[in-house]
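J.: Chains as they are written, first to last, in the working numbering: chain H, -18 to 226; chain C, -18 to 226.
Can you read through this structure? Questions will come right after.
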DNA sequence: AAAATAGTGTCTGTGAGACAGTATCGG
DNA sequence: CCGATACTGTCTCACAGACACTATTTT
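Dropping the structure here:
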């Protein structure tokens, strides 16, 4: 929208900045993403909450597994930077990142003054599985929710570099808070779902088993019937529901 | 902590930045604060939730009332920037700002690429009242909580500049969410309080009257008795409580 | 005494939690 | 048939909400 007015500026499409800003050079800005998915466990019943990690190929902490992230480019929005990072590093698209908070410790990055805006997003397992199969530099991290927040990373790595352990922890708490109140608000599942699928997702997020009946009665008023039935499962076919309003 | 290692760098106490960061100049970064207080109403019983605004003396939107804010300085932490802004512009100290979120619309500030990190904090009325009395460029804004989020600003101003209406709205929702669960978590009140005072604060934050008995029974298990009594009020003296753990 | 506020007793409705039972499918 | 899953009935307990009542102070 500025392209017509910037023919005399050097190589940007934005007008020159007001001189009073020159005295306040900002920090370098990065985005980091905790991308969660529900990974199937050994049997169908025991899925687990997992997050995506990438092997760092350059810069600090080369070789270590870390959250996907990226430096923010000129005039770029944060959500765009997150989407680009996931597309370029992981080949994942169609993401709606949610901002969590800024990590601003002045010494968190030894290369200079870098702040990081942490984001949270969620992706279906099918897409994550496909991305993992195509790229050996992608992996999954798990959080031990029962014990006191211990992590499992590929290659036996114990911690994430920078302050990213904090990001994961913060993100899990954020997820759990919202999954207590509403049925799958971040959409690990598609538009239609059975109560069984929904319960398995909530169990994975909260890290504990939920009572079958209590869960049904708490969720049903927040769901809408579709009069369609699920197929391809053992047992009595379950009704498919939609999320309400 | 870097002062000993930077004798050869120009005029900063930090070491020079790694060259790979040079290609990623970040945005200019500002902080904005929604500072809330409980302002007394016409009679003692009707206090209202209010937020502090300052008259802009320079830059864009000169003369308008806006949230206090400030550009972040080199290697400064966000919370420090907020504290400095409130101290310099409003003479208020002893603040613990809580980060809300980044507002990153690329065109929100016509002077250039500026992001703002919105913060929320709370201050006792006494301090705010003193600051207002000393500085004619300070004022109070009110939110109509009963209707659909309308604002009252000094001089009949209807909206805040930049995206600050959004900040206030976001901040109020954040406050309300936390005040549903816990007794005065942000400490509008001092360490000891009566249940009456507590209820009046919660009513101001939530914008509706609360049932006397229900409120007492919900809050008492989260409070600790002090066996001291409040003085200087009409009626039966109330017991003073402390917040638990 | 009247006004004002503090605090308690008690009834009701709702809903979580727990458990057992019935229904309907695939193999 | 059996195993597995979907769904329903029902009991208990806790607690929010509502109302009335008693208690203790100031004016």
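Positions of the beta carbon are idealized from the N, C-alpha and C atoms, including for glycine.
In this text the structure is predicted, and so the values were computed from the model without any measurement.
In whole angstroms, what is the alpha-carbon distance linking residue 96 (chain C) and residue 183 (chain C)?
T.: 32 Å
J.: Which partner residues does residue 95 (chain C) have in the DSSP bridge list?
T.: DSSP, once it has assigned bridges, lists C:9 as partnering residue 95 (chain C).
J.: For chain H, check one thing: does any of its Cβ atoms lie closer than 7 Å to the Cβ of residue 129 (chain C)?
T.: no
J.: Please work out which residues of its chain come closer than 7 Å, Cβ to Cβ, to residue 232 (chain C), disregarding the five sequence neighbours upstream and downstream, and give them in chain order.
T.: With chain C running from -18 to 226 in the structure shown, residue 232 (chain C) is simply not present.
J.: Do residue 84 (chain H) and residue 144 (chain H) have their beta-carbon atoms positioned less than 7 Å apart in this structure?
T.: yes
J.: Does the distance from the C-beta atom of residue 119 (chain C) to that of residue 71 (chain C) stay below 7 Å?
T.: yes
J.: Given a threshold of 16 other Cβ atoms within 10 Å of its Cβ, counted over all protein chains shown, does residue 91 (chain H) qualify as buried or as exposed?
T.: It counts as exposed.
J.: What three-state label does DSSP hand residue 89 (chain C) in the structure shown?
T.: coil
J.: For residue 73 (chain H) and residue 104 (chain H), which I take to be in contact (beta-carbon distance under 8 Å), what is that distance rounded to the nearest angstrom?
T.: 6 Å
J.: Using a Cβ-Cβ cut-off of 7 Å (strictly less than) and excluding sequence neighbours within five positions of residue 48 (chain H), which residues of its own chain qualify?
T.: 13, 14, 15, 34, 141, 145, 148
J.: Roughly how many whole angstroms lie between the Cα atoms of residue 139 (chain C) and residue 20 (chain C)?
T.: 20 Å
J.: I need the boundaries of the beta strand (DSSP E) containing residue 61 (chain H), first residue and last residue.
T.: From DSSP, residue 61 (chain H) is part of no beta strand (DSSP E) but of the alpha helix (DSSP H) over 59 to 71.
J.: Pick out whichever of C:194, C:172, C:124 has its Cα sitting closest to the Cα of residue 186 (chain C).
T.: Nearest of C:194, C:172, C:124 to residue 186 (chain C), Cα basis: C:124.
J.: Taking 8 Å as the limit between beta carbons, can you name the residues of its chain near residue 172 (chain H), skipping five residues before and five after?
T.: 223, 224
J.: Kindly list the residues whose CB is nearer than 7 Å to the CB of residue 164 (chain H), restricted to its own chain and excluding five residues on each side of it in sequence; keep chain order.
T.: 179, 200, 203, 204, 224
J.: Can you round the beta-carbon distance between residue 248 (chain C) and residue 28 (chain C) to whole angstroms, since I take them to be within the 8 Å contact cut?
T.: A question about residue 248 (chain C) goes unanswered here, because the residues of chain C that appear run from -18 up to 226.
J.: List the endpoints of the continuous alpha helix (DSSP H) containing residue 199 (chain H).
T.: Going by DSSP, residue 199 (chain H) is part of the alpha helix (DSSP H) stretching over 193 to 200.
J.: Nearest CA to the CA of residue 206 (chain C): which residue from C:132, C:220, C:121?
T.: C:220
J.: Within a Cβ cutoff of 6 Å, which residues of the same chain sit near residue -12 (chain C), ignoring the five residues on either side of it in sequence?
T.: Residue confidence is low: residue -12 (chain C) scores 40 on pLDDT, short of 50, so the model does not pin down where it sits. Its coordinate-derived value is still stated next. Cβ within range, chain order: n/a, list empty.
J.: Which value, in whole angstroms, describes the spacing of the CA atoms of residue 43 (chain H) and residue 44 (chain C)?
T.: Computed Cα separation, rounded: 51 Å.
J.: Buried or exposed: where does residue 215 (chain C) fall if 16 or more other Cβ atoms within 10 Å of its Cβ makes it buried?
T.: exposed
J.: By the 10 Å Cβ neighbour count, where 16 or more other Cβ atoms means buried, how is residue 112 (chain H) classified, buried or exposed?
T.: buried
J.: Could you say which of H:110, H:17, H:174, H:102 lies nearest to residue 122 (chain H) if we only look at CA atoms?
T.: Closest by alpha carbon: H:17.
J.: Starting from the N-terminal side, write out each stretch of the beta strand (DSSP E) that is 3 residues or longer and does not extend beyond the stretch 121 to 177 of chain H.
T.: 131 to 133
J.: Tell me, which residues are paired with residue 19 (chain C) by DSSP?
T.: Answer by DSSP bridge pairing, in chain order: C:30.
J.: With a cut-off of 7 Å, does the C-beta of residue -11 (chain C) fall near any C-beta of chain H?
T.: In this predicted model, residue -11 (chain C) has a pLDDT of only 41, less than 50, meaning its place in the structure is not dependable; the value taken from the coordinates is given anyway. Not one chain H Cβ lies under 7 Å of residue -11 (chain C).
J.: Which one or two residues does DSSP pair with residue 100 (chain C) in a beta bridge?
T.: BP columns for residue 100 (chain C) point to C:14, C:80.
J.: Which value, in whole angstroms, describes the spacing of the CA atoms of residue -1 (chain C) and residue 211 (chain H)?
T.: 56 Å
J.: Starting from residue 209 (chain C), follow the beta strand (DSSP E) in both directions and report where the run begins and ends.
T.: Judged by DSSP secondary structure, residue 209 (chain C) falls within the beta strand (DSSP E) whose first and last residues are 204 to 210.
J.: Report the option in H:167, H:2, H:78 whose CA atom is closest to the CA atom of residue 99 (chain H).
T.: Comparing C-alpha distances from residue 99 (chain H) to each of H:167, H:2, H:78 shows the shortest one belongs to H:78.
J.: Taking the alpha helix (DSSP H) that residue 113 (chain C) falls in, what are its first and last residues?
T.: Residue 113 (chain C) -> alpha helix (DSSP H) spans 106 to 115.
J.: Are the Cβ atoms of residue 31 (chain H) and residue 50 (chain H) separated by less than 7 Å?
T.: no
J.: Is the beta carbon of residue 63 (chain H) less than 7 Å from the beta carbon of residue 10 (chain H)?
T.: no
J.: Which residues in the same chain have their Cβ closer than 6 Å to the Cβ of residue 126 (chain C), if we skip the five residues on either side of it in sequence?
T.: 188
J.: Does residue 210 (chain C) have its Cβ less than 7 Å from a Cβ in chain H?
T.: So, not an interface residue.
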